[in-house]
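In order, the protein sequences belong to chains Z and W.
Going by numbering that gives the first Met the number 0, the first residue of the first sequence is number 0, and it counts up by one from there.
Going by numbering that gives the first Met the number 0, the first residue of the second sequence is number 0, and it counts up by one from there.
Every residue, glycine too, gets a C-beta built ideally from N, C-alpha and C.
This report refers to the structure that appears directly beneath it.
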Amino acid sequence: MSGELLAFYVLAGAAVAGALCVVLPPFGRNPLHAALALLATLACVAGVFVLLSAHLVAVLQVLVYVGAVMVLFTFVVLLLNLRREEFIGARVTPWKVAAVAATAVFAVKTAGAVLAASAGARAADLTAPGLQAYGGIRDVGRELVTTYLFPFELTSVLLLVAILGAVLIARREKGGAA
Amino acid sequence: MKDLLSLSPLWIPALTGVLALVLDLLAPRRGPRGFLGAIVAAGLATAGVAAALLWTGGPSLDAPFLRGVLRLDAYAAFFAVLIVFAGAASSLFAIHPLPEQQAEHGEFYVLLAFSVAGALAMVAATDLVTLFLGLEVMSLAVYVLCASRKGSPFATEAGMKYFVLGGFASAFLLLGIAFLYGATGSLNLAGVADALARGGAGGAQTYAQVALVLLLVAFGFKVAAVPFHLWTPDVYEGAPTPVTVFMAGAVKAAGFAVLGRVVLTAFQAPAFASLPVTAPGAFLVLSVVTMVVGNVLGIVQDNVKRILAYSSIVHAGYLLLGLYAGTGSPTALNGGVPFYLLTYVIATVGAFGVLSLLARAGVEDLSLDRVAGLGRRHPGLAALLLVALLSLAGIPPFAGFMGKFYLFREVLRADPSANVPWVVVAVLNSLIALYYYLRIAVYLYFRDPDGEPAGAVRSAPGVVTAGVAALLALVVGVFPGRFIAASESAAARSTIPATRVEAADTVGRVVRDVRPLIRSRETLRRLREAERRAGGVGR
């Protein structure tokens, strides 16, 4: 097993474990703990990006998600001051059992498909010359303003809608109080 | 310039949104905002006309970066017209005649326009990234619109529920796209289709099956198919009724357009037929479950909005049956599907539209007991609602009947022997559905209200729009020829021919584009050095 593969398994495993901790007890019962588990997941995903030599995306992942978004999350959690008991209703209901069963079936099937598909697959050599530089700022930037120019512009509309939506909902509460 | 013109159905709604936003800021703070609704409706109507005029010619984009991500053909145009119709109607229904109630509604119209722009981008997309972004623009705006009614806990609950579940569905969609990319190395639908048809590398089709399941979950949520329907009644009921008009009309039409295009393009390679999960098989199962469960739950409701919400679920079931049975070849979209959507959108816009005129007259509650006797109090509105209901139920001479008739006939034509049981199931379900449509009609005309009766708003734009919808239901039902022809030509272009898309093949492109770039830099450096050595002016 190469070092790269080992690093991948460690990072991917930690990312999945962190994601599970976000929703499952005992971490999931405390919003702040859940946020911290999410932080670990996001950081590990950044590591996986590095392994894919998507360096720019990895840096952005750390800056935006691990940095800004998580700080915001933590602030919101602290400001809302959620109590443990407000946050959960931990009862085993038939729906939850069905959901877990469905998830398990899907996970097993997916794992089977992935294993079957990867058996004959040939790994791309990301250290090949020419690929080594790929994933940097220049290449991603070029893609954004050439192939993906239209989706890129569409993103600006998406952000505008998000801002407007936030304003509408936030102002609605003020108006409701008035 | 030509591209700009061809793209006009996409940017006109977005520009209308920006215009409405600016006007909202310029207008007096507490003044009425109804004029924004008229502006947005006019802008969307312009976009609809542009779509009808421009997109009949087929793909005509020059810029390579647009050709890769958008396809402006009869298919996109057909659904664009439906979406724009529902969007404009929703905007007109939202115009409130009481100025004090609409002071804060400026953003409502802006978001509606942007939502339409997103839906149109989604319908025209041939690239999964564009598709996802279009879907998110549309959905994000609708989440907010659902929660936009001031101080209403129901609306807030509806918005929250739709937002959380919609986010979940988006995650499924993204995961599906990721699997599809992993299987084929392409984000472009034509490239995906090509890679999967050629067999791909290392069990690509097995991989792609996971993607198929995930995509079906995501789109099943958007079009409200059972078992992904649980949000539908609550959200349709809780949201402001003009928003329900938009959700039941435009969002559903966009969802079906994309579902048809993506699945029929990507997953119809002959090699798929032997795998355990096939697209037609999944459509059939979803269709039958959706029809039966939607009807059973629809019968026991006693709120008009909820009944119509379940009715919209059942209609999704009929449409899924159409997706199951392609006409001619399995890759062709059944010609009845776009036409059925047309008749459904007209009728559902009319039905929810009339309800929106009732809902805002002080009484939020639209239970059957409250709307009872509407035929005596507001005969005009009751008649418009009745037309929409009869059309939804599939009673001649209204559009819904032609829609059902044509769709079921086309399903039978696709496979005259094997499809008989499914068509029988669908017809039986239409008969069951008749019960709750007529139940509303009976309450409208033959019962007395229990408790405070639902009043009606005197809103000229709303009444006119409802009237137009009723008229369209009649016209399409009596003279369906042109509409069916348009539907057939749209359906004929549903799939995108599989082509090898170099641009989507990242690794290939790196080797092709980046390497020469590196080499040319090297050359450039050497040239400069030679220049300097020769005594020229260095840097």
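The three-state reading of DSSP puts L229 of chain W in coil, since its state is none of H, G, I, E or B. G184 of chain W and L159 of chain Z have their C-alpha atoms some 31 Å from each other.
Distance from the Cα of S355 of chain W is smallest, within the candidate group W:L322, W:G461, W:A252, for W:G461.
Contact annotation: G372 of chain W and D447 of chain W have beta-carbon atoms nearer than 8 Å. The beta carbon of F113 of chain W sits closer than 8 Å to some beta carbon of chain Z. I306 of chain W counts as buried, since at least 16 other C-beta atoms from the protein chains shown sit within 10 angstroms of its C-beta. Ranking W:V39, W:L388, W:A210 by CA distance to the CA of I345 of chain W puts W:L388 first.
Annotation for F84 of chain W: the continuous alpha helix (DSSP H) segment containing it runs 73-93.
Under the three-state reduction of DSSP, L78 of chain Z is assigned to helix. Here N418 of chain W carries a coil assignment [DSSP, helix/strand/coil]. The region 373-388 of chain W and the region 432-444 of chain W touch, with three or more beta-carbon pairs separated by less than 8 Å.
If you draw a straight line from the Cα of D2 of chain W to the Cα of R32 of chain W, it is about 34 Å long. Rounded to whole angstroms, the separation of the alpha carbons of V21 of chain Z and L37 of chain Z is 6 Å. A distance of 8 Å or more separates the beta carbons of A207 of chain W and L229 of chain W. Spatial neighbours of G117 of chain W in its own chain (CB-CB distance under 6 Å, excluding positions within 5 residues in sequence) are listed in chain order as G133, V136, M137. Against F149 of chain Z, the close residues of chain W are F64, L65, V68, L69, T129, in the order they occur along the chain (beta-carbon pairs closer than 7 Å). The straight-line gap separating the alpha-carbon atoms of T264 of chain W and A469 of chain W is approximately 35 Å. Excluding residues up to 5 positions away in sequence, C20, V21, V22, F26, G27 lie with their Cβ nearer than 8 Å to the Cβ of A33 of chain Z in the same chain. Note on the region 10-87 of chain Z: whole alpha helix (DSSP H) runs with a minimum of 4 residues are 30-50, 54-59, 69-79, 83-86, in chain order. In the displayed model, S185 of chain W falls within coil according to three-state DSSP, outside both helix and strand. Interface annotation for the region 152-169 of chain Z against chain W: L153, T154, V156, L157, L159, V160, A161, L163, G164, A165, V166, L167, I168, criterion Cβ-Cβ distance under 9 Å.
Distance between T145 of chain Z and F64 of chain W, taken at the CA atoms: about 6 Å.
The alpha-carbon separation between L213 of chain W and L35 of chain Z amounts to approximately 28 Å. Counting every other CB atom within 10 Å of its CB across the protein chains shown gives M0 of chain W a total below 16, marking it as exposed.
Short of 6 Å from the beta carbon of A331 of chain W, and not among the five residues preceding or following it, lie these beta carbons of its own chain, in chain order: G325.
Considering only beta carbons, no part of the region 38-51 of chain Z lies closer than 9 Å to chain W. Where M121 of chain W is concerned, the enclosing alpha helix (DSSP H) starts and stops at 105-123. Taking a Cβ-Cβ cut-off of 7 Å, the neighbours of A13 of chain W in chain Z comprise V156, given in sequence order. Look at L6 of chain W here: in three-state DSSP terms it is coil, with no helix or strand label. Taking a cut-off of 8 Å for Cβ pairs, the region 250-259 of chain W and the region 283-299 of chain W do not touch, as fewer than three such pairs fall below it. Per the DSSP secondary-structure output, N302 of chain W pairs in a beta bridge with W:S366. Ranked by Cα distance from F397 of chain W, the options W:L367, W:V370, W:Y235, W:F478 are led by W:F478. Residues of chain Z whose Cβ lies closer than 9 Å to the Cβ of G36 of chain W do not exist, since the nearest Cβ in that chain is about 16 Å away.
The region 72-84 of chain W and the region 245-256 of chain W touch, with three or more beta-carbon pairs separated by less than 8 Å. Counted as a single uninterrupted DSSP element, the alpha helix (DSSP H) harbouring V144 of chain Z occupies residues 136-144. Counting the other Cβ atoms within 10 Å of the Cβ of F227 of chain W gives 16 or more, which makes it buried.
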